[in-house]
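J.: I'd like to ask some things about the structure below.
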Amino acid sequence: MPVDKLSDQHFDVVVAGAGLVGLSCALALSRQGMTVALVESRPRPQTKSGDEAWDARIYAISPANATWLAAMGVWQRLSRQRVCPIAQMQIFGDAASHLQFDATEANVDHLGFIVESGRLEAALWEALTDSTVELIDGVTPVTARFGADQAELQLAGQRKLGAALLVAADGASSWLRREAGIAVQTHDYRQMGVVANFETALAHHEVAFQWFSAEGVLAWLPLPGNRISMVWSADEALAMELLALDAQSLSERVALQGGMKLGKLKLLTAAQAFPLRQQRADALVRPGLALVGDAAHTVHPLAGQGVNLGFRDVKTLAEILSARHHPQSFGDLMLLRRYERARKADMMAMQSVTKGLSELFSHSQPLVRHVRNWGLNLTNQHAQIKKFLMQQAIR
Ligand SMILES: Cc1cc2nc3c(=O)[nH]c(=O)nc-3n(C[C@H](O)[C@H](O)[C@H](O)COP(=O)(O)OP(=O)(O)OC[C@H]3O[C@@H](n4cnc5c(N)ncnc54)[C@H](O)[C@@H]3O)c2cc1C
């Protein structure tokens, strides 16, 4: 097919998908001096000025990732009034067992930060608008070709983008992953993550709470002021029950499930639910293609690590590519395999821990129940184990 020279462009890297991971990837690579295009099938989200409503979708961002986002000029674009640091984590089992992590024990100022998805997304888009990245939104790619020497993305409307490397950041149902013929291993938890925000009667003092029980995993994450964000990972039937409750009944149910730790709750945002699945792509690379974020892996939200894992993918990919002097060789499989090897351990460890914990607490057998609660208490008494766990969480 003849090439339309006016519409064809070549970049070092073309990133497909502008979720949090794709946005950060395009920015990180352009900050390393690479020419980058970012293609997103949805139109860019419009931020409404003066919109004070709280986003029901929130993320716990690790301190290391917050520092990385600050180094790229993103974190400082978030209003301080909309970010809440985590000073302490309190984790409860279902038989008076308890585990507590303090920022001071880990010699850090904070264990993490709670931010709203929409605000972080808007801050990333803003930083990208001030960068050299070519932003192409509201356009769907129709065909992709990739090889060690050249990759290409054909967009609807005949525009064709050439690149040394395509990055698939197009989420859990990744189209690029399918185009590459990369299979995924899926574990369906048959659970949903029910999320909603509440106003609390008592101050949370920047404490994040988590309860493991036969009714799933309930997390209360602190938001600025007397507000919390809930993520309740519950079996599908219970999730449906929770979604069907009116505002007052849901507030009462959630307050009771959390042992009235913060007094009465008042619902601020309507509850939403997300299906919970663990996925792992059989390969993270092909010649001319690399997978990052949910396109590569998804994890149970109980550790609040999904997007953090994706940010760590991007950091590793950016480091490996920037060590190469010739962008023409970014598609080289030997180089990309280094990225894949570097990310496998982190990805598999996070998936094993979250799956193991979720399964451990879904058992109703008395012995399993006893052992898991004993384990929580034991961990709480061992400073070295706690320190190790905290170091994993703050990366
Ligand atoms: C209930 C719940 C709570 C969670 N809480 C946390 C938490 O506290 N901390 C944490 O770290 N993680 C958390 N996660 C995980 C986190 O939501 C995901 O890991 C993260 O959002 C994945 O980002 P992504 O950019 O890889 O994918 P996505 O956010 O799915 O973005 C993919 C993008 O690609 C676009 N796209 C799709 N197809 C195409 C195409 N063909 N071409 C171009 N663009 C395309 C989509 O429109 C989308 O914008 C949670 C998840 C759930 C379900």
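The working numbering puts the sequence shown at residues 2 to 396.
Just so you know, even glycine gets a beta-carbon here, dropped at the ideal spot from N, CA and C.
Because the structure is a prediction, the values reported are computed rather than measured.
Taking N66 as part of the alpha helix (DSSP H), name the residues at either end of that continuous run.
T.: Start and end: 64-72.
J.: Which value, in whole angstroms, describes the spacing of the CA atoms of P288 and L21?
T.: P288 and L21: Cα-Cα distance of roughly 25 Å.
J.: Report the rounded CA-to-CA distance for K6 versus L154, giving the unit in angstroms.
T.: Unreliable placement is indicated for K6, whose pLDDT of 40 sits below 50; no coordinate value is reported for it.
J.: Quick one: grab the DSSP three-state call for W126.
T.: The answer is helix: DSSP assigns W126 an H, G or I state.
J.: Can V15 and A38 be called in contact, C-beta distance under 8 Å?
T.: Yes.
J.: I need the DSSP call for P302, collapsed to helix, strand or coil.
T.: P302 falls in the helix class under three-state DSSP.
J.: Considering only DSSP beta bridges, list what G113 is partnered with.
T.: Bridge partners of G113: I87.
J.: How many angstroms separate the CA atom of K267 from the CA atom of D236?
T.: For K267 and D236, the distance between alpha carbons rounds to 24 Å.
J.: How do the segment 156-166 and the segment 328-345 stand: do at least 3 beta-carbon pairs fall below 8 Å, yes or no?
T.: Flag = yes, the segment 156-166 and the segment 328-345 touch.
J.: Closest to P46 by C-alpha separation, out of R146, C26, R120, would be which residue?
T.: Here the closest residue by C-alpha is R120.
J.: Rounded to a whole number of angstroms, what is the C-alpha to C-alpha distance between H327 and R146?
T.: Going by the C-alpha atoms only, they are around 21 Å apart.
J.: Would you tell me roughly how many angstroms separate the C-alpha atoms of P302 and Q33, rounded to the nearest one?
T.: For P302 and Q33, the distance between alpha carbons rounds to 31 Å.
J.: Check whether the Cβ atoms of A128 and R78 sit closer than 8 Å, and answer yes or no.
T.: Going by C-beta atoms, A128 is nearer than 8 Å to R78.
J.: Is there a C-beta anywhere in chain D that falls below 8 Å from the one on E207?
T.: Note that chain D does not occur in the displayed structure, where there is just one protein chain.
J.: Should W176 be listed as close to ligand 1, given that the test is whether its C-beta is under 7 Å from any heavy atom?
T.: Yes; taking the cut-off as 7 Å, the Cβ of W176 has a heavy atom of ligand 1 nearer than that.
J.: How is H11 classed by DSSP in three states: helix, strand or coil?
T.: The answer is strand: DSSP assigns H11 an E or B state.
J.: Could you tell me which residues DSSP pairs with P46 in its beta bridges?
T.: Beta-bridge pairing links P46 to no other residue.
J.: Would W97 and H111 qualify as a contact pair, given that the criterion is a beta-carbon distance under 8 Å?
T.: Note on identity: in this sequence residue 97 is Ala, with Trp being the wrong assignment. The answer is no: Cβ separation not under 8 Å.
J.: Under DSSP, the alpha helix (DSSP H) around E408 begins and ends at which residues?
T.: With the chain represented from 2 up to 396, any question about residue 408 goes unanswered, as that position is not in the structure.
J.: Kindly identify the DSSP beta-bridge partner or partners of Y60.
T.: According to DSSP, which records beta bridges pairwise, Y60 is partnered with V116.
J.: Once DSSP output is grouped into helix, strand and coil, what is the label at N227?
T.: N227: coil per DSSP, three-state reduction.
J.: Determine the DSSP secondary structure at Q186, reduced to helix, strand or coil.
T.: DSSP places Q186 in strand when its eight states are reduced to three.
J.: Using DSSP with H/G/I as helix, E/B as strand and the rest coil, what is F312?
T.: It is helical.
J.: Please confirm whether any heavy atom of ligand 1 lies closer than 7 Å to the CB of S42.
T.: Correct: S42 has its Cβ closer than 7 Å to ligand 1.
J.: Within 10 angstroms of the Cβ of V4, are there 16 or more other Cβ atoms? Answer buried if so, exposed if not.
T.: Note on V4: pLDDT 35, under 50, position unreliable in the model; the coordinate value appears next. So V4 ends up on the exposed side.
J.: Is A256 helix, strand or coil when you go by DSSP?
T.: A256 falls in the helix class under three-state DSSP.
J.: Give me the Cβ distance between K316 and W69, rounded to the nearest whole Å; I'm assuming they're in contact under 8 Å.
T.: Rounded, the Cβ-Cβ distance is 6 Å, consistent with contact.
J.: Tell me the rounded alpha-carbon separation between V143 and G260.
T.: Whole-angstrom Cα-Cα distance: 52 Å.
J.: Taking the DSSP output, what are the residues bridged to F93?
T.: F93 pairs with H99, W212.
J.: Is P302 a contact residue of ligand 1, with contact defined as CB to any heavy atom under 7 Å?
T.: Yes, the beta carbon of P302 sits closer than 7 Å to at least one heavy atom of ligand 1.
J.: What is the rounded straight-line gap between the Cα of G18 and the Cα of L136?
T.: Those two C-alpha atoms are separated by around 11 Å.
J.: Once you ignore the five residues that flank R281 on each side, which residues in its own chain have a CB closer than 6 Å to its CB?
T.: Cβ neighbours of R281 beyond the five flanking positions: Q186, H298.
J.: Suppose the cutoff is 7 Å on Cβ atoms and the five residues either side in sequence are ignored; what does the same chain contact list for M2 look like?
T.: Because M2 sits at a pLDDT of 36, beneath the cut-off of 50, its placement in the model cannot be relied upon, and the point is left open.
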